[in-house]
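Chains A and B, in that order, give the protein sequences.
FYI, in my numbering the residues of the first sequence are 213 to 795.
FYI, in my numbering the residues of the second sequence are 213 to 795.
A virtual CB, placed ideally from N, CA and C, is assigned to each residue, including glycine.
Here the structure is a predicted model, which is why all the values come from computation and not from measurement.
Just below is one structure, and these are the notes that go with it.
2 protein chains.
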Amino acid sequence: MQFHIHQTHHQVADFKKIFSDLKQDMQNASEDKKLGVHIYPELYLTGYPLQDLCLQKPFINSYQKYLEDLNQFTKKLKGDFLFLIGGLEYELTESGLPLKIKNVIFQVEPGKELKAIYTKRLLPNYDIFDEQKYFTQGEESCVINYQDHKLALLICEDMWSSSFHNIDPVKDLFETCKGEKISAVINLSASPYYIDKPAKRSQRAQFIAKLFHCPFIYCNRVGSEDEIIFDGASFITNEKEHLLTCHAWKADSQSLEIPQSDSPIDEELLPSPPNTWEELFSARIDSDKLSLNELSETTCHEIINALAFGVQEYAQKSGFKKFTIALSGGMDSALVLSIVALSLKEGQSLEAIYMPSQFSSPLSYDLSYELCQNLKINLRTLPIKFLHSSSKNLFESTYDEAFEGLTDENIQSRLRGMLLYTRSNQIGSMVVNTSNKSELAVGYSTQYGDSVGAISLLGDLYKSQVYQLANYINSKFNKLIPEGIITRPPSAELREDQKDTDSLPPYERLDSILEGLLTYRYTKNDLIKMGFETEEVNRVFDLYRKSEFKRYQFCPILKISSKSFGFGYRIPMSKASQFYLDE
Amino acid sequence: MQFHIHQTHHQVADFKKIFSDLKQDMQNASEDKKLGVHIYPELYLTGYPLQDLCLQKPFINSYQKYLEDLNQFTKKLKGDFLFLIGGLEYELTESGLPLKIKNVIFQVEPGKELKAIYTKRLLPNYDIFDEQKYFTQGEESCVINYQDHKLALLICEDMWSSSFHNIDPVKDLFETCKGEKISAVINLSASPYYIDKPAKRSQRAQFIAKLFHCPFIYCNRVGSEDEIIFDGASFITNEKEHLLTCHAWKADSQSLEIPQSDSPIDEELLPSPPNTWEELFSARIDSDKLSLNELSETTCHEIINALAFGVQEYAQKSGFKKFTIALSGGMDSALVLSIVALSLKEGQSLEAIYMPSQFSSPLSYDLSYELCQNLKINLRTLPIKFLHSSSKNLFESTYDEAFEGLTDENIQSRLRGMLLYTRSNQIGSMVVNTSNKSELAVGYSTQYGDSVGAISLLGDLYKSQVYQLANYINSKFNKLIPEGIITRPPSAELREDQKDTDSLPPYERLDSILEGLLTYRYTKNDLIKMGFETEEVNRVFDLYRKSEFKRYQFCPILKISSKSFGFGYRIPMSKASQFYLDE
Numbered sequence: 213m214q215f216h217i218h219q220t221h222h223q224v225a226d227f228k229k230i231f232s233d234l235k236q237d238m239q240n241a242s243e244d245k246k247l248g249v250h251i252y253p254e255l256y257l258t259g260y261p262l263q264d265l266c267l268q269k270p271f272i273n274s275y276q277k278y279l280e281d282l283n284q285f286t287k288k289l290k291g292d293f294l295f296l297i298g299g300l301e302y303e304l305t306e307s308g309l310p311l312k313i314k315n316v317i318f319q320v321e322p323g324k325e326l327k328a329i330y331t332k333r334l335l336p337n338y339d340i341f342d343e344q345k346y347f348t349q350g351e352e353s354c355v356i357n358y359q360d361h362k363l364a365l366l367i368c369e370d371m372w373s374s375s376f377h378n379i380d381p382v383k384d385l386f387e388t389c390k391g392e393k394i395s396a397v398i399n400l401s402a403s404p405y406y407i408d409k410p411a412k413r414s415q416r417a418q419f420i421a422k423l424f425h426c427p428f429i430y431c432n433r434v435g436s437e438d439e440i441i442f443d444g445a446s447f448i449t450n451e452k453e454h455l456l457t458c459h460a461w462k463a464d465s466q467s468l469e470i471p472q473s474d475s476p477i478d479e480e481l482l483p484s485p486p487n488t489w490e491e492l493f494s495a496r497i498d499s500d501k502l503s504l505n506e507l508s509e510t511t512c513h514e515i516i517n518a519l520a521f522g523v524q525e526y527a528q529k530s531g532f533k534k535f536t537i538a539l540s541g542g543m544d545s546a547l548v549l550s551i552v553a554l555s556l557k558e559g560q561s562l563e564a565i566y567m568p569s570q571f572s573s574p575l576s577y578d579l580s581y582e583l584c585q586n587l588k589i590n591l592r593t594l595p596i597k598f599l600h601s602s603s604k605n606l607f608e609s610t611y612d613e614a615f616e617g618l619t620d621e622n623i624q625s626r627l628r629g630m631l632l633y634t635r636s637n638q639i640g641s642m643v644v645n646t647s648n649k650s651e652l653a654v655g656y657s658t659q660y661g662d663s664v665g666a667i668s669l670l671g672d673l674y675k676s677q678v679y680q681l682a683n684y685i686n687s688k689f690n691k692l693i694p695e696g697i698i699t700r701p702p703s704a705e706l707r708e709d710q711k712d713t714d715s716l717p718p719y720e721r722l723d724s725i726l727e728g729l730l731t732y733r734y735t736k737n738d739l740i741k742m743g744f745e746t747e748e749v750n751r752v753f754d755l756y757r758k759s760e761f762k763r764y765q766f767c768p769i770l771k772i773s774s775k776s777f778g779f780g781y782r783i784p785m786s787k788a789s790q791f792y793l794d795e
Numbered sequence: 213m214q215f216h217i218h219q220t221h222h223q224v225a226d227f228k229k230i231f232s233d234l235k236q237d238m239q240n241a242s243e244d245k246k247l248g249v250h251i252y253p254e255l256y257l258t259g260y261p262l263q264d265l266c267l268q269k270p271f272i273n274s275y276q277k278y279l280e281d282l283n284q285f286t287k288k289l290k291g292d293f294l295f296l297i298g299g300l301e302y303e304l305t306e307s308g309l310p311l312k313i314k315n316v317i318f319q320v321e322p323g324k325e326l327k328a329i330y331t332k333r334l335l336p337n338y339d340i341f342d343e344q345k346y347f348t349q350g351e352e353s354c355v356i357n358y359q360d361h362k363l364a365l366l367i368c369e370d371m372w373s374s375s376f377h378n379i380d381p382v383k384d385l386f387e388t389c390k391g392e393k394i395s396a397v398i399n400l401s402a403s404p405y406y407i408d409k410p411a412k413r414s415q416r417a418q419f420i421a422k423l424f425h426c427p428f429i430y431c432n433r434v435g436s437e438d439e440i441i442f443d444g445a446s447f448i449t450n451e452k453e454h455l456l457t458c459h460a461w462k463a464d465s466q467s468l469e470i471p472q473s474d475s476p477i478d479e480e481l482l483p484s485p486p487n488t489w490e491e492l493f494s495a496r497i498d499s500d501k502l503s504l505n506e507l508s509e510t511t512c513h514e515i516i517n518a519l520a521f522g523v524q525e526y527a528q529k530s531g532f533k534k535f536t537i538a539l540s541g542g543m544d545s546a547l548v549l550s551i552v553a554l555s556l557k558e559g560q561s562l563e564a565i566y567m568p569s570q571f572s573s574p575l576s577y578d579l580s581y582e583l584c585q586n587l588k589i590n591l592r593t594l595p596i597k598f599l600h601s602s603s604k605n606l607f608e609s610t611y612d613e614a615f616e617g618l619t620d621e622n623i624q625s626r627l628r629g630m631l632l633y634t635r636s637n638q639i640g641s642m643v644v645n646t647s648n649k650s651e652l653a654v655g656y657s658t659q660y661g662d663s664v665g666a667i668s669l670l671g672d673l674y675k676s677q678v679y680q681l682a683n684y685i686n687s688k689f690n691k692l693i694p695e696g697i698i699t700r701p702p703s704a705e706l707r708e709d710q711k712d713t714d715s716l717p718p719y720e721r722l723d724s725i726l727e728g729l730l731t732y733r734y735t736k737n738d739l740i741k742m743g744f745e746t747e748e749v750n751r752v753f754d755l756y757r758k759s760e761f762k763r764y765q766f767c768p769i770l771k772i773s774s775k776s777f778g779f780g781y782r783i784p785m786s787k788a789s790q791f792y793l794d795e
């Protein structure tokens, strides 16, 4: 039988397009006799994640109308095929508010009523996931018969089991299928990308393929919702290798013939590979070198695609066709500019602004200029020297207290934020933030200054990873980024001869200490035992716990690791961390 | 028997103080022969809410050490009393990471091991609550025997039941207690304040007191954690009236003698008053007047206390003793200044800044001056005219495009933000934000401009409620706020003769439309049917859905309603709302 993966790319709640595209697919299947099983992602009908949207009466009313219209449509449809589609099933109160919401698979057969046949059982509720907040858990496994084939169904997280969940849907499904011949295990997913995730998915899918003696079909959505990026990359695999792989980062449809199974499932359950809290949020530190594990070339490639996709999605949804990026002459802004430049589509434009103060070195301009030449991007200079001294004069003529140091540094950064947003307002362009994860973690930025932006590209990448990505880009694109930018010592240039290392440990050690801290795995003592210096560990922990308020008001960060600052990072600001981090 | 309520006020994770205060209480009970039952709030031992803190190894290690130390202490203790204390019970992996976390009641009797006797059953998981993310649900009701008394135990949410929960701990407890004589139902709580909450708690407690034929003991914590304010206001009630009421907004200990019950519990369960999603997030609109329900005097009093308490808590935890507030001559900043002034403690100082542009009317200064005179607060003026024109000149000499309108308005607002934070940096003061909920909902503010601040006092109050609070303050404090501020038409003064009503409906209608929208209850059509004008409803919905990005980067808002912008408001930014709100 033919299995058709529909790896879709739609906007959340865009019911009009979602339902009309689906009806078109059904119409085509009916007319072209595309027999077999058509598979759509988890929550195809609504998009994902929905958060509170799924509680709102206008959302529910609209969805219910489209769903009923689809029902009428499929009842009149003719043909010999089966559609499996992710969607929501509501149980409502008399006044139309939600009592129960289920994340289900709808079965559509021509001439029949739409029917929810399976409810997601394992509702992820860690990190960015809040599904138990909204959805009611399914109680039963589901195996369907279709044209002499037996198909076992799962939704996304169901394929995982874990020591911190109290149910194991794969095990339950296995019990249900014991002794049966299953043609395929089908998983409808809406699974976000992060580093190493594609490999983990395949590994787990192949374990399940082995368990059920049949191919595993994985259908994922494409799209970027605020900080969460869905890569698609759907596949069909047997226990050893992919039989089919869809593109990442764009809609794709592919089909494969899968024969009926001739091998009944064993009586014995294979031991399941571990999927623990520790594994999920493992710290990626090389404990010999005391630095982060290096990113592979494949991973660098994936990350750059993920960031380019994410920034484009955000721009498109927000209606921006122009981008404005502030260049400092340093590494972060150069990488951001390069990635956005590489992502540009027809009809879009990108410009750079350089805003020197009295402390900016001539080299910073030269390097910014060279980068913009390489990328063919317009660069303008807005010097802040005069506004800076005018602001100081205003204060000196009003207040008795003098200021210098941090106060004076912050003025420069905030004037740049103001000018950047004035330009953004003037031409309707999107400001892309240039902070990195290391800076965010230690508060090495100015609130409402260099921390401004509509979205952050590098906020989930440590500084040492920023360098790795820059080197990767240079290796693929003929030294796009001037070597001077990569080799010069990092500096905020907010005072004379400032270097990042004046106040921070070298980035490779800083990043490893942060990774240990942010993945919840290590205490200070654990890190000191690994070989980090006590004084450095203390300094990093202190900087981290003092800067929670800066992270709170930061812009959305494209998430590319299992633990990023953002929606899944939930640490109270109110200084609780001063009490216990010293352990 | 004596029942002692310990309504405590500690910082989250401040284990040193939390455990030493508890040991001191036990020592006192032992020496002073304070017999009977001592009751502490839910999660007294850790504080609440913890969010991801409870997953972190340093937090867990530290907590476990203190817990074991307490255990050793109580084993050596002598006396005749029972302590019931809220805390966490961990089940850990071999490497010390959490496998299961339970929100429990520890029972402490002198000479015995610490013992977790009850696990919270109803884990709230709506709005700001994420307890199912962290905690494992308890399975059983708990009734304990102590000196011929039978005591029934609950933790916080357990006392509620709801159509959207699938368990009902009160009903289960009732089944367990049927035919027994219960002396008291004891509830350990960490329950946030919001408008009408105190009355709802009493009502529900009295229903349970009636059900169990005995007093209901409600022990709540005091504290403000970021946006969430715990009011304390613990009490003991019978089915009709409070037998004891603790102070709100501060630590308090009170005791009451409760006799053994002589009345066995009935066989029949009383019908439970409804607690539905709809009731929880009901819209407080007067549908005749098409305006929000008026706040009662009691509620105004509560809100002002809540805001004063919340801002002080935030300042204390962040180490601020100074406050800086920008005055515009308008209503919001005047109310914020008044509330902070009324909250000031010894050793603290408060100052105001007035930052006029070319569009500021002389009246704005006069009213600001008068207010500061009334409050005896230092006011300084930082005119932005020159910085404003310098910024414009810089743009005109660099870019071809001219600008005016919104771009020009935003510059003024952002220059003010920069100056305000420069002052904050200069003297180490806390900037209190002055935006209100109506502005936030329609995006009527400048990102990084007037929206800056460490914390927002009015972000959960509609503009019409801001006026009610101002009038309440004036009625109690001899016209503290100049009448001219209350009566002048609201204006942002960012262009010639600007009025809020140029771009927004009158606040009373705006606020009601927003309340209908934000509580998820109403669609556009529902509101139009209620009598609101189609054009106004459309305009408000449009402004709302375009401004999600501004709310995302906003500062924490002290929560005083059941639905505030902030952690419990989870709407994707990515423009999903453009699709369905038209229903």
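Within the continuous alpha helix (DSSP H) that includes H513/A, where are the two ends? Counting from one through the first sequence, the residue named residue 513/A turns up at place 301. Start and end: E509 to S530.
So, helix, strand or coil for L583/A, using DSSP? In the first sequence, residue 583/A corresponds to position 371, counting from 1. Three-state result, L583/A: helix.
Residues bridged to G299/A by DSSP? If you number the first sequence from 1, residue 299/A lands on position 87. G299/A is bridged to V316/A.
Residues of chain A with a CB under 7 Å from the CB of A704/B: which are they? Counting from 1 along the second sequence, the entry for residue 704/B is found at position 492. Ordered by position in chain A, no residue passes the 7 Å Cβ test against A704/B, which lies about 15 Å from the chain.
I need the DSSP call for I497/B, collapsed to helix, strand or coil. If you number the second sequence from 1, residue 497/B lands on position 285. Correct three-state label for I497/B: strand.
Per-residue contacts from S602/A into chain B (C-beta, under 9 Å): Taking the first sequence and counting its residues from 1, the one referred to as residue 602/A is at position 390. In chain order: F598, L599 and S602.
Tell me whether A402/A sits in a helix, a strand or coil according to DSSP, three-state version. Within the first sequence, numbered from 1, the residue matching residue 402/A stands at position 190. Here A402/A sits in coil by DSSP.
Could you give the C-beta distance for L556/B and L547/B, rounded to a whole number, given that I count them as a contact under 8 Å? Here residue 556/B refers to the residue found at position 344 when the second sequence is read from its first residue. Here residue 547/B refers to the residue found at position 335 when the second sequence is read from its first residue. About 15 Å; that fails the 8 Å criterion.
Does chain B have any CB closer than 8 Å to the CB of C266/A? Counting from one through the first sequence, the residue named residue 266/A turns up at place 54. No, its Cβ sits nowhere closer than 8 Å to a Cβ of chain B.
Given that Y338/B touches chain A, what residues does it touch there, using C-beta distances under 8 Å? Position 126 of the second sequence, counted from the first residue, corresponds to residue 338/B. For Y338/B, the residues of chain A that pass the 8 Å Cβ criterion are K345, in the order they occur in the chain.
Give a yes or no on whether the C-beta atoms belonging to L801/B and I356/B are separated by under 8 Å. Only positions 213 to 795 of chain B appear in the structure, and residue 801/B is not among them; the question remains open.
Between which two residues does the beta strand (DSSP E) harbouring R592/A extend? Residue numbering aside, residue 592/A sits at position 380 when the first sequence is read from its first letter. Residues N590 to T593.
Using the three-state DSSP reduction, which class does H454/B fall into: helix, strand or coil? Residue numbering aside, residue 454/B sits at position 242 when the second sequence is read from its first letter. Reduced to three states, the DSSP call for H454/B is strand.
Where does I329/A land, buried or exposed, given buried means 16+ other C-beta within 10 angstroms? As a position in the first sequence, residue 329/A is number 117, starting the count at 1. Answer is exposed; the Cβ neighbour count stays below 16.
CA-CA distance, M630/A and Y660/A? The count along the first sequence starts at 1 and reaches residue 630/A at position 418. The count along the first sequence starts at 1 and reaches residue 660/A at position 448. Going from the Cα of M630/A to the Cα of Y660/A covers about 8 Å.
Grab the span of the beta strand (DSSP E) containing G248/B for me, first residue to last. Here residue 248/B is taken as the residue at index 36 of the second sequence, counted from 1. Its beta strand (DSSP E) spans residues G248 to I251.
Do you know whose CA, among R707/B, L587/B, L730/B and V434/B, lies nearest Y674/B's CA? Numbered from 1 along the second sequence, position 462 holds the residue referred to as residue 674/B. It is L730/B whose Cα lies nearest to the Cα of Y674/B.
Starting from the C-beta of I379/A, find all residues in its chain whose C-beta is less than 7 Å away, skip the five residues before and the five after it, and write them out in chain order. The count along the first sequence starts at 1 and reaches residue 379/A at position 167. Closer than 7 Å at the Cβ level, and outside the excluded window around I379/A, lie R333 and L334.
Over what stretch of residues does the beta strand (DSSP E) that includes F442/B continue unbroken? Position 230 of the second sequence holds residue 442/B. It spans I440 to D443 - the beta strand (DSSP E) in which F442/B sits, taken as one unbroken run.
Please state whether DSSP places L482/B in a helix, a strand or coil. Counting from one through the second sequence, the residue named residue 482/B turns up at place 270. The answer is coil: DSSP assigns L482/B none of H, G, I, E or B.
Between A421/B and chain A, is the shortest Cβ-Cβ distance under 8 Å, so that the two count as touching? Position 209 of the second sequence holds residue 421/B. For A421/B, the answer is no, since every Cβ of chain A falls outside 8 Å of its Cβ.
Pair every Cβ in the segment 527 to 546 of chain A with every Cβ in the segment 561 to 576 of chain A, then say whether three or more of these pairs are closer than 8 Å. As far as the Cβ criterion goes, the segment 527 to 546 of chain A touches the segment 561 to 576 of chain A, which means the pair count is three or higher.
Contact residues within the segment 619 to 630 of chain B, judged by C-beta distance below 7 Å to chain A: T619, N622, I623, R626, L627, G629 and M630
For S401/A versus T449/A, is the C-beta distance shorter than 8 Å? Taking the first sequence and counting its residues from 1, the one referred to as residue 401/A is at position 189. Taking the first sequence and counting its residues from 1, the one referred to as residue 449/A is at position 237. No.
Do you know whose CA, among V749/A, S569/A and S242/A, lies nearest D620/A's CA? Stepping through the first sequence from its first residue, residue 620/A is reached at position 408. That would be S569/A, whose Cα lies nearest to the Cα of D620/A.
With a threshold of 16 other CB atoms inside 10 Å of the CB of K245/B, please say whether the residue is buried or exposed. The residue given as residue 245/B occupies position 33 in the second sequence. Burial call: exposed.
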